[in-house]
Each structure stands twice: as C-alpha cells, then as structure tokens.
Amino acid sequence: MGGCDEVRLKVMVLRLVSCLLILYCLSACQQVSVNAPNKESLIDSIHVLDDAKANSNFAEIQRLGSTQQFTRQEHLDRVDIRSGNSVIWVKPVFSQQVKKNKNYILEVGRPTLDKVSVYKRNVDGSWKTIKTGDSVVFHNREIIHEKFLFKISGPALKKFKNSIFLKIQNQGITSSTLKLLEESEFHHDDQQKSLLAGLYFGVLVALLIFNLLIFVSVRDVSYLWYVGYLGFILLFLFAYSGLTYRYLWPENPGWANRSTYFALMTSMALGLGFTRSMFNLTELFPILSSFLKSTGMAIALLAVFGLFVDNTFSSFVTPYLALLVILIILLAIVKAVMAAYKPAYYAGLGFIFLFAGSMMVILNKVGVLPSNVLSEYGLHLGVLFEAFLLSFALAYRINYINEELKLSNQIVMKARKQFSSRLIDFQDQERKETSATLHDSFGQKLLVIKIQLAQILESYGIQEDDSKVKSITGLIHEVIDDVRDISHALHPHQIERLTLKEALEDVIFQSFRDTGLKYIYDLNGLEECIDSKSKLHIYRIFQESINNILKHSEAKNVEFKSRVVNQNIEIIIKDDGKGVVGQSWFNNGDFVMAHGISNIRERVSSLNGSIHFESGQRAGLEISIKLACKKEV
Amino acid sequence: MNDKTTLLVADDHPIFILGLHEVLRNSNRYEIIAEAEDGEQAIKKIREYKPDIALIDISMPKKDGLDVVAQLSRWANAPLFVLLSLYDDEVYIRKALAYGVSGYILKENTHKELLKCLDAVRQGERYLCTSIREKIAVSDNSKLKLLSQTERQIFSLVSNLKTNADIANLLSMSPRTVENHRFHICKKLNLHGNNALLKYALSLDDAN
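So, in structure tokens, the structure goes:
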C-alpha cells in the first residue's frame, strides 16, 4: 500500500510542476507573439525560378534574374520547395526600409535542407558565395547556428539591385521560411528563443528521466515504452530544429535529415508499443493489439531501412506512416474509452494535443494556416502537453491497476472463503448422509440378523449361554457398536434432536467425565443466536477445542461461556493448561495442522465470525469467538 | 372383548417391525394394532387407535421419537411410551425420562428384553434395559464424584426428601450453610432452576 501512496504523491507533484510549466509556456508564448506583429517584414517579395534540369550556372541565373524570368511568389515569408531533384533559385526583393548603415542577417528557417547556397554582392560589386546545407560540413557556415544564416550588409543592399540569390536543393517536398532581420534584433530574439528551447528540452528530458526512475521503482513496462517514445520524439524535434547537426554530429553531413526521419519513424513505432501497453490492448482487444504490434515492427524496420537508402524514400513514406499511426492510435483511444478503461482518457487527450499540434504545423507548411506561434510551434507544444498528459496517464494507470488489484484480491478472498465454506458444508452434508446410511441400513440390518439368529437358536433349543453362540452374538454386538460409533463420529445425531445448548452440555460432560478435569460451563444465548444451519459448526468447534484440551493442554480447569452482547454472541473456551509457546504460534503450520485450529478457523470464517486466540507460556489458551446473531434477539 | 395389551409400533425400517412381530408372536399377551413409518404418522395413529403402549424408534423421518413423546405426553389418553433405539446416549435417555417415558430399550437387546420390559411397563413400572441402567449409573457416579464429602451427604438427604431445615438439624449447621452447599452442588452438577436438585436426585433414584 506504501507504493500506492508514493505514486499518488508523484502524481500530485507532476500535476503541480506541469501547471507551472503551462503557465510559463503561455506567458513566454505571449511575449513572442506580442513582439512578432511589431516587426514589419523587410522582404517585399520573393521570386523563384525552378531549374528543373539543375544545369544553370550563376552567370546565367544572374542574367535571368534581371530579365524577370523569376516568378513572384504569393507568400512573403516562405519558400515552397516542391520538386525532388531540381534546383530552386530564390531572389528576394527587400523593402525600402532596409537601412544603408545597418547590417542584416538572412535566415533560412528550415534546417534540414540538403544544400543552401547564397550568392551575395559585396559593396565593391564582387560576388561572394557561401555554400551550406545539411549535406555540407557544418563548420562551413558563416554563422554557427542550427538555421542557415547569412550576413548581409545594408550598404550593398542599398547600392545594388538583385544583390542576393539563394540556391536551394533538397530531396523531398518541404518549405522554408525566409527572413531578413537586423543583426542586433536577431541576436536579441535568438537569445530568447534559445533560452526557451533550452527550457523546453530541459523540462522534457527531466520528465523523461523522472519517468525512467518511476519505471525503476514500479517496474511497469509502459514506463519504458513511454521513455523510448518520448526520447525519440525529442530526438526528432532536436533534429528537426537542426540542433542535432549543430551539437551531435557536425562532421557528418546528411545525418541531420536522415536522423530526423529515423527518429520520427522510430518514435511512431514506439508510440504504437506504448499505446498497446498503456491501453492494455493485449487484454482488451487482442486483434487490435496484434495489429499494432505488427505495424510498429514494420515501421521500425522501415526506419532502419531508411538509414541505408536514399532519403527520398523516408521523406516519401513518413507522412503516410504518420497518418496511419494517428488513425490507429485514435482507434485504440476510442475503443479503450468505450471500454471505460479510465487511464485512456488522459492518454487520449495527450495524443490529441500532439495530433492537433502536428496538424497545425502541417497546415501551415501547405499554406492553409498563416504563420503564428501555434502554427509554427504547434508540434513542440503538442509534444509538451502530450508528454505531461501521458505521464499523468501512466501514474493514473498505476493507481488504476492498484485499485483493480485490490478489488480482484477482495473478490478472490471472498471466493476462497465461499469455496472453503462450501467445502466444509459439503463435507458435513456428505458425512451426515454416510452416517445416516450406516445407521439406517447397516445398523438396522445387523439388528434384524441378531434378532432372527436368536429366534432360530431358540427354535432349535440352543441356549444363549453356549460359548459359540455367545461369541457370534458378541461379534454382532461389537459390529453394531462400531457402526454406531463410526456413524456418530461422522455426524453427531444429537444435533438434530437436541437444542444446541443440550448437545454442547452433553459433549462437554461426556468428554470430561472420566478425566478428573474440572469444567464449568455457562452457555447462554445459543438458541436465540445460532440458527439450525450453524449448529453443527458450533458443535464441531466445541468438539475440536475439547479434543485439543484433552490431548495437548495438560489443563486442570476448563471453562465454557457464551453470552449475547450487542446483537453478537460471544463464545469463550478457556483452559489453564500449558498454553502455546512462542509468539508466532498461529503461523506455525505444525500447530495449526495438529491442533485442528485451521478447522476451527474455517468454520468461524464460514459463519462470518471472528476468532481470537490468547495464550502465553503456562498461561493456558483462551479461544474467543464472536458471531453476529442470526436470529433477532 | 380383547384382554390383550394393544401396541402401536413406529419405526421407519419395515424389516425391524417384521422382527418385532417375530418376537411378539410367541407371546399371547400383546397385539400390534397399528404401525407407523414416521413421527407424524405415529402421532396420527396413536390418536386414532389409542393403543395401551406405543413402541417408538427415536430416529425417524419427519418427527423423531422424542418429539412424538413430547407432543403426546400431556394428552389425556396418552399411551405408555417405550422407546426403542440404536442410540445409547445418556442425553437421550435423560430427556426421555424427563418426558415421562415408561421404558427405554436398545434395539440390539430387543429379543431379550422387550417382553420383560413390556411386562414391567404394563404393571406400571419404569423399565430401562440392562446396559442403559449400567451406563446411567456409571455416569451418575462420576458426576457425584465431583461432590465433596459434605455435599454428597447433603445430596443424599435431598434425595430422601429432607428440607433444608431438616438437613441443617441433622448435620448441625445453619440453614444458610446448607443453602450455600446446595448452590455449589447445583453448580458442579450443572443444574439450573427451582427444585432442579430435587428432581435430579429423584431421577437418579428412579433410574437405579
């Protein structure tokens, strides 16, 4: 039960932390979004030329640039990259607000583009080329940053028209933002953003470690799935933001892209595994569960496969896989919620946050949604909320499992009690029948045999005193006695004919009468409280206790008492014998078995009563039994 | 018209009733006029046939023999009851005696003692079969063994219908002390209620 409280405490702490975090995120977002509208874009228009054959050189492009071969794009802040192998030339036209005396930074916002080159004109009219991109070694960059940044001098922009050309090559369809920012402003913003990013990843990594630790303590495999899933989603976001290339493998061009897809696909596979384990699908919906399992394994294989083939493959399959995974998980959520599996509520909400966030980002990418905090950082926010909600769900699940366990334990205990009580009843019934058969069939027939034998002997004039006759009739007599004894041992017929008090007094008297043991009894309330079904149990409890006293206790005095107290009947059987040595005697199997205590216990439990033993060395043994009155007093 | 003593036999084992017929065939003093297979039938037939003596088994379906006796013992036309049973439990015998039965025979002794018993009962005597008499005596002795010397003296005086005042005089002690002794005797013999000691003492005399 301690574990349960621990989990509850953890859940509370988690809730508190997440509330604070959400508050912080909201305020931070507000700051960013408040700043954003103030800045008017310094890009007037974006002109694009799709060089499908990828064979133009820069001189040619320069010429085309001035002859209006470029098409003007609708969006001011984004470049759509739609073709697989072609080269896209971009010619931004800057606003009049660009100042002559300031330096600027051109930002290409999508960090996973394969190749991004900039051709920029210096103040002296010469051209400078900077080649960068995901497939180019990291330290080639002019500014060390996860995004592609290029220094642009204000004087040159003012002096020459068409002074900037961008050459973008990328496998797969994507889009990228394009911004021109004042250098000081950029650094200010960038600082804020990296702070936010640091906090963001820090919190998620902390959550990941936290849950890993919980796994260590509760050993629930769902936690491991969660940690794997969240870990790869983080890796994906890290790669997606270009941070993996900057920090993890700057010497391995190409990996930024590959790792993005790999991490995304792996997280999908792990997400499916998590869903299976979290929603208890193996038990609730075995078919869906095995479907999830096989899909997850297939995606994991594709993720690994994608590492070794052209990136186009991964970029092509990932969106479809994502769609499939989302559908499957939604289905699982719906089914689990319909099956009233409560932990699914939190988890479902978590996934929905993630899906909603991703949808916003995708819709923004395809141009349906305008750029704002939600549409740009929807994925990040979605992951954040999801991570917390799933962690809640896990904690809730542990609670839920504990509750279920408690409940099923109770059921098992109840069933066991019922079973053992039924077993006793059944045994008693069986014995009663056997006893009756012995008595009625064997006993009576033996009697008739004896009587008829006597008559035959008489008719032949044989005297009863004859030694042979005596031995035969004596034998029959003995058999009759045996039948009577066995029959009585199997079932005390007194129970049917006497009041319980009479029957108990008889068994006490008969048991102790030649033993020299002194006994007193004061039995009250039995007729009022014990119904006919329970009589036999009480009788057997007395028999068993008396047996113990005679065989083991070495007692000199015995006392039997019963009385009614507050709708309960209390029965006390007390001796002054050697008692039971040792404190844990009632756990000692030998004692329990040898002394029939277990039988007494079971009968008491079958009567829904409570039993208490009190003993000490040389202090005798006192058995007190408390039963609810079956009849109204 | 018929000077034979009429009997009703109640037993749920036809084979045993058959045996009884055999035993009684050689005697011309008794005649079985009715038979019953269970307690309820027994009561009905006793009321109907009004036999002189009812021979009743204890273990019977529906109502057992002790109940039959208990129910009919206050009836004006009640027959004399003789219990026939396989049970030799003291508690049954005491109960039967308390209900006022005239005889108690173990079934295994039927052929030997039934006629003796019926003869005695017909004469208005009480008859317990030999092995039961022995058993009761042993039990009584063991009960009386619990009593001290003085208590036993008082007990035997009680059974001789002496009052407390008489006993006090005879044993030269105060009536209050006698009272006290009687209380202890009752406690040792587990007797409760008014005159329980006197009744018990008399029943002992009776049985022996």
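Chains as they are written, first to last, in the numbering used here: chain A, 1 to 633; chain B, 634 to 841.
Note that the Cβ used here is the ideal one computed from N, Cα and C, for glycine as well.
Note on residue 708 of chain B: under 16 other CB atoms within 10 angstroms of its CB, so exposed under the neighbour-count rule. Under the three-state reduction of DSSP output, residue 276 of chain A falls in the helix class. Its chain contains 120, 121, 156 and 157 as the residues whose beta carbon lies nearer than 7 Å to that of residue 163 of chain A, once the 5 sequence neighbours on both sides are disregarded; these appear in chain order. Annotated three-state conformation of residue 707 of chain B is coil, per DSSP. In the DSSP secondary-structure assignment, residue 687 of chain B is bridged to B:641 and B:714. For residue 533 of chain A, the number of other beta carbons within 10 angstroms of its own is below 16, and it is reported as exposed. Judged by DSSP in its simplified three-state form, residue 232 of chain A adopts helix. Residues of the region 338–372 of chain A that bring their beta carbon within less than 8 Å of a beta carbon in chain B are absent altogether. Between residue 328 of chain A and residue 292 of chain A, the C-beta spacing is below 8 Å. When Cβ-Cβ separations below 8 Å define contact, residue 564 of chain A makes no contact with chain B. Uninterrupted beta strand (DSSP E) stretches at least 3 residues long and entirely within the region 490–574 of chain A occur at 518–523 and 557–565, given in chain order. Against chain A, a Cβ distance below 7 Å from residue 724 of chain B picks out 494, 498, 502 and 506. Looking at the DSSP output, residue 121 of chain A sits in a beta bridge with A:127.
Shown here for residue 777 of chain B: same chain residues with a beta carbon closer than 8 Å to its own, the five before and five after excluded, namely 785 and 788 in chain order.
Contact annotation: residue 222 of chain A and residue 421 of chain A have beta-carbon atoms that are not nearer than 8 Å. Within chain B, the residues whose beta carbon sits less than 7 Å from that of residue 484 of chain A are 719, listed in sequence order. Just so you know, the alpha carbons of residue 670 of chain B and residue 647 of chain B end up roughly 8 Å apart. Remark: C-beta atoms of residue 693 of chain B and residue 729 of chain B do not approach each other more closely than 8 Å. Taking the Cα of residue 319 of chain A as reference, the smallest distance to any Cα among A:287, A:286 and A:359 is reached at A:359. For residue 757 of chain B, there are no neighbours in chain A by C-beta distance under 7 Å, as the nearest C-beta there is about 27 Å away.
Against chain B, the CB of residue 480 of chain A has a partner CB under 8 Å away; the residue lies at that interface. Judged by DSSP secondary structure, residue 281 of chain A falls within the alpha helix (DSSP H) whose first and last residues are 281–284.
The region 205–215 of chain A and the region 67–80 of chain A do not touch, with fewer than 3 CB-CB distances between them shorter than 8 Å. Per DSSP, the beta bridge partners of residue 45 of chain A are A:93. Between residue 444 of chain A and residue 649 of chain B a beta carbon distance of about 6 Å is seen, short of the 8 Å cut, so the two are scored as contacting. Contact annotation for residue 744 of chain B against chain A: 450, 451, 454 and 455 [CB-CB distance below 8 Å, chain order]. For residue 734 of chain B, the secondary structure class from DSSP, reduced to helix, strand or coil, is coil. The region 503–515 of chain A and the region 759–777 of chain B touch, with three or more beta-carbon pairs separated by less than 8 Å.
Fully contained in the region 162–210 of chain A is no alpha helix (DSSP H) run of length 4 or more.
Minimum Cα-Cα distance from residue 749 of chain B among the listed residues B:656, B:706 and B:652 corresponds to B:656. For residue 443 of chain A, the nearest beta carbon of chain B is closer than 8 Å to its own beta carbon. In this chain, the alpha helix (DSSP H) harbouring residue 425 of chain A covers 373–437. Of all residues in the region 648–662 of chain B, the ones placed with a Cβ closer than 8 Å to any Cβ belonging to chain A are 648, 649, 651, 652, 655 and 656, in chain order.
Ranking A:70, A:128, A:256 and A:118 by CA distance to the CA of residue 138 of chain A puts A:256 first. When C-beta distances to chain A are compared with 8 Å, the residues of the region 726–742 of chain B below that value are 728, 740 and 741, in chain order. Within the region 790–803 of chain B, no residue places its CB atom closer than 7 Å to a CB of chain A.
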